[in-house]
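UniProt numbering puts the first residue of the sequence shown at 1, with every later residue one more than the last.
Report on one structure; see the data block that follows.
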Amino acid sequence: MKQKVWLITGASKGLGFEITKAALASGDRVIATVRREPGALAGTLQHHTNLFTAQMDVTDEAQVQQAVRQGVAHFGRLDVVVNNAGYGLVAALEEATDAEVRQQYDTNVFGVLNVVRAVLPIMRQQRAGYLINISSIDAHGAFPGWGVYGSTKFALEGISRGLAVELAPFGIQVTAISPGLFRTGFLGPESRQVASRPIADYDATAVGDMRADARHLFSNEPGDPKKLARVVVDLARTAQPPAHLLLGKDAVLFYQANVESMMTELEQWLPISISTDLDGRR
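Have a look at this one:
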């Protein structure tokens, strides 16, 4: 089995950390990137011989380019890239300030594009590679208080679709993974930010509940991050990986409910939808 070289963003915790461990356990080599203290991650992983750690804030394009160059110089190639770095803003859309929204997009969307621009010249030259973008079930519906975050994942799904059709001629494959709720600490205080200017009118709504306390979800998530990591490692050795993959029973149920709702609405409004073509056209 050919040894692969991975680049994983946001590798210090959560899904990124578990995917890093799973890739190393499979015998692959990993460029693990973190926003700060790459040496600490190397120590946590016992300075694994197949591990190279690098500092990378995905919002800093120059730092992204440098980290990619360092990692590829160390291992000689790049086979799999996992765009995992991200965080969640909890706020009603009306509450979110311009700065908060831009910061959310800088990390979750423009940060991914920074990584894509850095790695694709290498993969195109190789005429091979695999991009895995960690999306979310929020990309397939809406949860109160997560509208801004969800919109970044809608954007990531669109980016993934565009990349898939553009990169196919070069032998580069793309998968957008939409996890449900996994026990990674994402809903804890370190990975989510709350509106800095809350509006009292939302306090008695689901937005207010989510702003005030996510502990009804935190530590009660049904997904096992180790199992997700194993799936991701297996995907990298799949000849024809899916363009989109839901992970977690909750993600599947949520997606199915939203598709059914959309189909019901489509059928209800179908006569209006098709009424706007020019007369005489079939």
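Virtual Cβ for every residue (Gly too), placed ideally from N, Cα, C.
If you're wondering where the values come from, they're calculated on a predicted model, not measured in any experiment.
Item to check | Extent of the continuous alpha helix (DSSP H) run through TRP269 | outcome: Per DSSP, TRP269 is one residue of the alpha helix (DSSP H) stretching across 249 to 273.
Checklist entry - Looking only at its own chain, which residues have a Cβ that is under 7 Å from the Cβ of VAL115, when we skip the five neighbours before and after it? => result So the list reads THR9, VAL58, VAL64, VAL81, ASN83, once near-sequence residues are dropped.
Checklist entry - Out of MET56, ARG29, PRO271, ILE177, which has the shortest C-alpha to C-alpha gap to PHE75? => result The option with the nearest alpha carbon to PHE75 is ARG29.
Next on the checklist: Please identify the residue among THR33, LEU131, GLU260 whose C-alpha is closest to the C-alpha of GLY162.
Outcome noted: Nearest neighbour of GLY162 by Cα position, chosen from THR33, LEU131, GLU260, turns out to be LEU131.
Item to check | Cβ-based burial, ASP279 [other Cβ within 10 Å; buried from 16] | outcome: Around the CB of ASP279, fewer than 16 other CB atoms lie within 10 Å, so the residue is classed as exposed.
Checklist entry - On the three-pair Cβ rule with 8 Å, is the stretch 141 to 152 touching the stretch 96 to 115? => result Short answer: they touch.
Checklist entry - At which residues does the beta strand (DSSP E) containing LEU51 begin and terminate? => result Counting along the chain, the beta strand (DSSP E) containing LEU51 begins and ends at 51 to 55.
Checklist entry - Anyone know if the C-beta pair for GLN3 and GLY27 falls short of 7 Å? => result Taking C-beta atoms as the reference points, GLN3 and GLY27 count as a pair closer than 7 Å.
Checklist entry - How would you write the range of the alpha helix (DSSP H) that ALA176 sits in, first residue to last? => result No alpha helix (DSSP H) holds ALA176; the beta strand (DSSP E) holding it covers 172 to 179.
Checklist entry - What are the residues that DSSP puts in a beta bridge with ALA168? => result In DSSP, ALA168 forms no bridge with anything.
Item to check | Cα-Cα separation between LEU120 and GLY147, rounded to whole angstroms | outcome: LEU120 and GLY147: Cα-Cα distance of roughly 30 Å.
Checklist entry - When the Cα atoms are used, what is the spatial distance from TRP6 to ASP79? => result Their Cα atoms are separated by approximately 6 Å.
Next on the checklist: Any heavy atom of the ligand NAD closer than 6 Å to the beta-carbon of ALA195?
Outcome noted: With respect to small molecules bound, the structure shown includes none, and the ligand NAD cannot be examined in it.
Item to check | Where the alpha helix (DSSP H) through ASN83 begins and ends | outcome: Residue range 80 to 83 is occupied by the beta strand (DSSP E) that includes ASN83, with no alpha helix (DSSP H) assigned at that position.
Checklist entry - Thinking C-beta only, is ASN133 closer than 7 Å to LEU113? => result Taking 7 Å as the cut-off, the beta carbon of LEU113 is found no closer than this to the beta carbon of ASN133.
Item to check | Cβ neighbours of GLY71 in the same chain (closer than 7 Å, five flanking residues each side left out) | outcome: LEU7, ILE31, PHE52, ALA54.
Checklist entry - Within 10 angstroms of its Cβ, does residue 289 collect 16 or more other Cβ (buried), or is it exposed? => result For the chain, the structure presents residues 1 to 282; residue 289 sits outside this window and is missing.
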